[in-house]
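Working notes, structure below.
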Amino acid sequence: MNTLSRIIQIAGRECRILVFKNPIYLFCMVLIPITVIMFMTTLLSAGQVEELPVGVVDQDNTSTSRQLIRKLDSFQTSQVVGHYANVNDARNAIQRGEIYAFLFIPEGTTGGLSLSHQPKISFYYNNAYLTAGSNTFRDLKTVATLGSAGVGQQKLSAIGKTEHEILAYLQPISVDTHLLNNPWSSYNIYLTTTMAPGLLMLMMFLISAYSIGTELKFGTSHEWMLMADGDPIVAVIGKMIPQTIVFLLVFYGFEFYIYYVLDFPHPGGVWAILLLGFVAVVSSQSFGVFLFGLAPSLRMSMTMCSLLAMLGFSMSGCTFPVFAMDGALQLLSWIFPLRHYFIIYQTNIFNGFPLVYAWPHWTMLIIFMILPFFVMRNIYRAMMVYKYIP
Amino acid sequence: MNFEKIKRIFREGIHDMAVVWANEMKMTVKDEAVLIFFVLAPLAYPLVYSWIYNNEVVRDVPVAVVDYSHSAESREFIRLCDASPDVKVAYHCMSLTEARNLVGLHQVNGVLWFPSDFDTNINRGDQAHVSLFCDMSMMLSYKAIYQTVQAVSSKMGSEIQLSRSSGFTDRDDEVTLRPLDFDEVPIFNPSGGYGSFLLPAVLILVIQQTLLLGIGLAAGTNRENNRYGELIPIDRHYRGLFRIVMGKALCYFMIYAVVAAYLTLVLPKLFHFPMLSSPQALIGLLVPYLLACIFFGITLSCLVRYRENVMLLVVVTSLPFLFIAGLSWPSESIPAFWKGVSWLIPSTFGMNGFVAVNSMGATLQDISTEYFALWAQSLIYFFTSCLFYKVQIDRAIRQQNVENP
């Protein structure tokens, strides 16, 4: 029997395992990924945070202070939900989690304004919730600045300046910000595109290690190796092919959904998307197989897969940039497949640069694909000699 | 007669519970995998996370500058940006194409472009424009660049305003520039550090996830070692429902009392994360949280067939559980359905409660919602674990009857 027919035979055997023998496979390879994808995309479907609850301590209580509060309420990100008698009450409300920030307007603010005493207002925001904190901060700062600008505008128009002159006086330098490829600064586009593939890749690591390890556990490893005529490469390839097909279908389904149904920006085009999908799936599987080869026990390899995959979310640098981490960690980030996925995604798909701009990361993913060949002997020995130890 | 009987049942119950507890303890210590998740993971994992986020803030984000103005004004703007803590001017480019190339090569995260009329506009009293192009693939570096450029433009703007104003004294100018002064106060987590924001929540999540994994693995082992693939051994001590559940829970609770103390007291101290918790609030929160997690874990463990399946099912939930709690994505923006799901999970209330207690110095009264929710979850999951174990005990009894009719 030649190699190809052996591979097909083993693949056929694997299909039976996936579909009939152990229901956990389809559950983990199809159902969980679909749930995860739906979870991320619906959770972040708003894209931007909206209507965060903020409070006000208005001890001035004049039409001017109320105007400021109305302005704050009218912002998209903030919503005034509470009026508090003093700063202490408002702080308690933050601690109870009712509001994320508050504006404090002390007594005499309006009076001070008309007397040119330069009164002072303050705003307090809570960075213990970082996203909410920085969003409310932006609104509150705008309101506070507008408070000043409003007074200046009144004065200047009173002495007969035109609108154009007033604008040039109040804001001599204006910054035109261009948010490249994600002008809505949508968190859905920002996070889903890395976190969801990260979760899919986590499942691929685990399933690859699990499917080889369970051969040992259920005592079918000899049978499997014999079918491959003792060639571990044939055995592993035959076993992986059906899984690759399922994973690829799920992964391409995910990419189709976000890029063509939800219309996430993808100036890199369809070929980059397809190529990255394929490389991501196969390198993740290889990574799982490699870890099993390193520690040929079901439990240890799965533990390692879990720990590395979970760290991968942080080490991808999607949330906290890798260049801001410790030097040693910057080096270490190279062993995480998700790190490379993230860089390739943002370079070649999100920003639409040619593939060669991320070539070190493509290379790394291809190296991950080759890694299993170095541990084939280990896998063979484990399958033929070792016993399952729980 | 009744009193004696109750006393006997009570004494027997305590005894059985202790036996279950002792068996569970022995198994935990002997089983390497369970030990990894109960001890090693909670011990080492948070250390790695703390290391990753220990720099807290993003400094010196590189930007490229394309200066078509070549004027004193544009150079001052560039100098001020470079001097700011968060931004570093890494490259001066001749054209936007060249700068764009640097974005593609990951050398810079943003591009500042000064049009040729930048200084002309300033000097003739018009509004000058500067363009900022931001790579949006990392929100933190975008935020650093955006806020710095805004701050620099408003600082330079006020200097220009000052030169144009016609007050008699410096104080006049000050008031004209800023008739309404303001203070910005970051009331909690004042440095705005990423680690100080994320780590407390992660620590609490680690407690729940390692408990789920450990309990599930232990249950899987029980099932696999059992001759009939059942969860409960055939043993006279494993007859009473509450005895089994309480005995197991006691074992996990004892281990995790230590783990939780390490995570909430030692680790934040080591890495200088905020620590404002009072003992009452901390204990008041952690006791129901641990109980809720344990019974949640026991309930889930009844559904597991093979020990390794636990890992397949639990590990992938960690990230969604973090998101669903409303920390990195505010709970106001979470769709109602997922909010409902989040109420089923102890970590949602645990994380929010702990962030309030630890990072914001809240008292137990302040987190009464979380407190009562966790007790409610403990009760509910206690009953579900009893329910599932009832089924298991009945099966074990049936097996025994088949064996010795």
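Sequence lines, in order, name chains L and D.
Take 22 as the starting number for the first sequence in this note's numbering and just add one per residue.
Take 66 as the starting number for the second sequence in this note's numbering and just add one per residue.
Glycine is no exception: its CB is placed at the ideal position from the N, C-alpha and C atoms.
As the structure is a computational prediction, the values presented were derived from the model and not from experiment.
Residue i - DSSP class collapsed to helix/strand/coil
i                 : result
valine 369(D)     : coil
tryptophan 408(D) : coil
leucine 296(D)    : coil
cysteine 339(L)   : coil
alanine 122(L)    : strand
glycine 373(L)    : coil
serine 393(D)     : coil
leucine 341(D)    : coil
serine 196(D)     : strand
aspartate 431(D)  : coil
aspartate 347(L)  : coil
serine 450(D)     : helix
leucine 136(L)    : coil
leucine 73(L)     : strand
glycine 234(L)    : helix
glutamine 100(L)  : strand
Other residues of its chain near residue i: CB distance less than 8 Å, five sequence neighbours each side excluded
i                    : result
valine 217(D)        : Phe142, Leu145, Cys146, Ser149
isoleucine 254(L)    : Phe394, Met397
aspartate 182(D)     : Ser134, Ala193
phenylalanine 277(L) : none
6 Å Cβ shell around residue i - same chain, five flanking residues per side excluded
i                   : result
leucine 378(D)      : none
phenylalanine 96(L) : Asp160
glutamine 274(D)    : Ser383
threonine 106(D)    : The amino acid occupying residue 106(D) in the given sequence is alanine; threonine does not appear at that position. Excluding sequence neighbours, alanine 106(D) sits near Thr275.
methionine 82(D)    : Arg308, Met311, Gly312
Proximity of residue i and residue j at Cβ, strictly below 8 Å
i                    : j                 : result
leucine 245(D)       : glycine 129(L)    : no
tyrosine 211(D)      : threonine 198(L)  : yes
aspartate 125(D)     : histidine 157(D)  : no
leucine 282(D)       : alanine 109(D)    : no
glycine 298(L)       : leucine 332(L)    : no
proline 342(L)       : serine 206(D)     : yes
alanine 106(L)       : aspartate 191(D)  : no
glutamine 100(L)     : leucine 73(L)     : yes
leucine 351(D)       : serine 424(D)     : no
leucine 39(L)        : proline 263(L)    : yes
methionine 323(L)    : tyrosine 231(L)   : yes
phenylalanine 311(L) : leucine 392(L)    : yes
aspartate 200(D)     : asparagine 174(D) : yes
phenylalanine 313(L) : serine 337(L)     : no
tyrosine 146(L)      : threonine 131(L)  : no
isoleucine 20(L)     : valine 78(L)      : There is simply no residue 20(L) to check, as chain L begins at 22 and stops at 411 in what is shown.
isoleucine 117(D)    : methionine 346(L) : yes
valine 375(D)        : valine 369(D)     : yes
Nearest neighbour of residue i, chosen from the options [CA to CA]
i                 : options                                    : result
threonine 434(D)  : Met340(D), Val456(D), Ser450(D), Trp408(D) : Trp408(D)
alanine 155(D)    : Leu167(D), Leu161(D), Leu341(D)            : Leu167(D)
alanine 153(L)    : Tyr259(D), Ser136(D), Met221(D)            : Tyr259(D)
glutamine 172(D)  : Arg398(L), Met390(L), Thr368(L)            : Thr368(L)
isoleucine 363(D) : Trp116(D), Phe318(D), Val380(D), Pro339(D) : Phe318(D)
isoleucine 53(L)  : Lys238(L), Phe334(L), Leu223(L)            : Leu223(L)
proline 286(L)    : Val300(L), Pro204(L), Leu352(L)            : Pro204(L)
arginine 360(L)   : Ala301(L), Tyr407(L), Ser178(L), Phe313(L) : Ala301(L)
glutamine 192(L)  : Ala390(D), Leu276(D), Gln226(D)            : Gln226(D)
serine 196(D)     : Met203(D), Phe307(D), Leu161(D)            : Leu161(D)
alanine 87(D)     : Asp431(D), Lys313(D), Gly426(D), Gly349(D) : Lys313(D)
leucine 439(D)    : Asn254(D), Val456(D), Leu356(D)            : Leu356(D)
methionine 204(D) : Tyr208(L), Ala114(L), Tyr145(L)            : Tyr208(L)
valine 94(D)      : Ile74(D), Gly279(D), Leu296(D)             : Gly279(D)
asparagine 148(L) : Phe233(D), Ser202(D), Phe262(D)            : Phe262(D)
methionine 325(L) : Val77(L), Ile364(L), Gly309(L)             : Gly309(L)
serine 471(D)     : Ala129(D), Leu112(D), Phe179(D)            : Any property of residue 471(D) remains undetermined from this structure, which presents chain D solely from 66 to 470.
valine 214(D)     : Thr428(D), Glu239(D), Val130(D)            : Val130(D)
Close beta carbons around residue i, own chain, < 7 Å, minus the five adjacent residues each side
i               : result
leucine 347(D)  : Thr329, Val422
serine 450(D)   : Val310, Phe360, Ile363, Thr364
lysine 92(L)    : Val164, Leu167
cysteine 358(D) : Ile272, Gln273, Leu276, Pro411
leucine 270(D)  : Ser383, Phe386, Leu387, Ser412, Met416
- If you scan the stretch 139-227 of chain L from start to end, which runs of the alpha helix (DSSP H) of 4 or more residues do you find wholly inside it? Within the stretch 139-227 of chain L, the complete alpha helix (DSSP H) runs of at least 4 residues are 151-179, 184-191.
- If you scan the stretch 206-270 of chain D from start to end, which runs of the beta strand (DSSP E) of 3 or more residues do you find wholly inside it? Runs found: 246-253.
- Message: Give the list of continuous alpha helix (DSSP H) stretches no shorter than 4 residues that lie fully inside the stretch 249-324 of chain L.
- Response: 253-277, 291-315
- Complete runs of the alpha helix (DSSP H) confined to the stretch 119-183 of chain D [at least 4 residues]: 137-148, 161-169
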